[in-house]
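Presented below is the structure to which this report refers.
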Amino acid sequence: MKYPALLLLILLASCTRKNMEELGPEAHLTTPFEIEPPHYFPVLDIPANNPLTEEGIELGRRLYYDPILSTNGPLAGRSCSSCHDQVTSFSVPTEGTAVLPHVNLAWSQNFLWTGKVNGGLEDVMRFEVNEFFQVDVSVLQAHAVYPGMFERAFGDATITNEAVAKALAQWFRRLVSTDSKFDRYLQHTEMLTDQELSGMMIYLSETGDCFHCHGIPLLTDNAFHNIGLDASFTGADQGRFLITGNPTDLGAFKAPTLRNIALTAPYMHDGRFATLEEVVEHYNSGVNPSPSLDPIMTKPGQITQLLLGPQQKADLVAFLETFTDDAFITDPELGSPF
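Numbered per the numbering used here, the sequence shown spans residues 147 to 484.
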């Protein structure tokens, strides 16, 4: 063949033209975004109808930080970031119901302290858009920037609640923390101190029992447990029982991830503990028995105490502090775009 290179170029051009014709006149191009967690993390399941793209994440990030997200109802003038600050692992100290941090939620199948919303990130974002923030898409539609951003992300400048939820879901998938000192230890790039190693052995053994609900690597089992905060339950302290009506769920709340736990005080669903030392002491000597107490909270003979000594408690706290991911809380790409 005399001109093989020329014929190859003609063939490639023909294929490209044919592919574009099949996509149709409304086709738009997006830039794929890859999340590569460490090898010891579970596989990240991303819905086929909402793939991660740079355009979608950029849009979700702006919506997350923009008070325009809520222009009606009791949260008018507030954004997601009003209660979720990057420097505290996307949480903030509050009185009353504690704020769960926005970290590694891509691996969760239930959300909020009581598991009020089940499914994936798209499901909880639909709840946030439609019920929590009561987003008025007409306000976004009239904005100078948002229609163009939605078109770049989803190929349509017409803004819908579903498109807002999908953009936010992409942003939440981007909020991945995998670079704590403990992660670096697991990857053999940094050593733990003797005290931290001692705390790790307490954490991962029946001595401390932490691993039952906060196993590696997510540091949560994404399940619900009554950990003996109270002996009887009224109001919001009834926990997951308010969702299921099952008496065994009385006082049960979701086990939060312990990633960046040193940054997210106060602790428990009602913020009753101000420090990690207080949390450890609860498990050590303050567990309240009740019929719905999680079986993992008892020792042989129904003893509900860990009986750790002062040095053991200090070692355990030192290990919990190795879960802090400084890169996550300082990454400018996760901060406000404004």
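For each residue, glycine too, the CB sits at the ideal point set by N, CA and C.
Exercise. Any chance the region 451 to 463 sits against the region 346 to 360, with 3 or more Cβ pairs inside 8 Å?
Worked result: yes
Exercise. At a cut of 8 Å, does the region 291 to 303 reach the region 198 to 206 through at least three beta carbon pairs?
Worked result: yes
For this session: Mark residue 184 as exposed unless 16 or more other C-beta atoms lie within 10 angstroms of its C-beta, in which case mark it buried.
Result: exposed
Exercise. In the structure shown, what three-state DSSP assignment does residue 262 receive?
Worked result: coil
For this session: Run through the region 387 to 442 for me and flag every whole alpha helix (DSSP H) of 4 or more residues, listed as ranges in chain order.
Result: 387 to 390 and 422 to 427
For this session: Evaluate residue 337 with the Cβ neighbour count: other Cβ atoms within 10 Å of its Cβ, from every protein chain shown; 16 or more gives buried, anything less gives exposed.
Result: exposed
Problem set entry | Proximity to residue 370 [Cα-Cα], best of 400, 472, 404 and 393 | 400
Exercise. Exposed or buried, what is residue 474 when buried is set at 16 or more other beta-carbons lying within 10 Å of its beta-carbon?
Worked result: buried
Exercise. Is it right to say residue 291 is buried, meaning 16 or more other beta carbons lie within 10 angstroms of its own, or is it exposed?
Worked result: exposed
Exercise. In the structure shown, what three-state DSSP assignment does residue 354 receive?
Worked result: coil
Problem set entry | Residue interval of the alpha helix (DSSP H) (run including residue 287) | 283 to 287
Exercise. To which residues does DSSP link residue 178 through a beta bridge?
Worked result: 199
Problem set entry | Local conformation of residue 256 per DSSP, three classes | strand
Exercise. Apart from the five residues on each side of it in sequence, which residues of its chain come closer than 6 Å, Cβ to Cβ, to residue 469?
Worked result: 326, 328, 404, 405 and 407
For this session: Using the Cα positions of residue 443 and residue 238, report the straight-line distance between them to the nearest angstrom.
Result: 28 Å
For this session: Can you tell me which of 387, 368, 284 and 421 puts its alpha carbon nearest to the alpha carbon of residue 250?
Result: 368
For this session: Mind reading off the beta-carbon distance from residue 260 to residue 386? Whole number of angstroms is fine, and I expect it under 8 Å.
Result: 5 Å
Exercise. What three-state label does DSSP hand residue 385 in the structure shown?
Worked result: strand
For this session: Please report the residue range of the alpha helix (DSSP H) in which residue 217 lies.
Result: Note, residue 217: premise wrong, no alpha helix (DSSP H); not H, not E.
Exercise. Residue 147 by DSSP, collapsed to three states: which one?
Worked result: The predicted model places residue 147 with a pLDDT of 47, which falls under 50 and marks its position as unreliable; any figure quoted below should be read in that light. Reduced to three states, the DSSP call for residue 147 is coil.
For this session: Using the Cα positions of residue 383 and residue 321, report the straight-line distance between them to the nearest angstrom.
Result: 29 Å
Problem set entry | Short Cβ contact (7 Å threshold) for residue 466 with residue 422 | yes
Exercise. By a C-beta neighbour count over all protein chains shown, 10 Å radius and 16 as the cutoff for buried, is residue 345 buried or exposed?
Worked result: buried
Exercise. According to DSSP, which residues form a beta bridge with residue 237?
Worked result: 231
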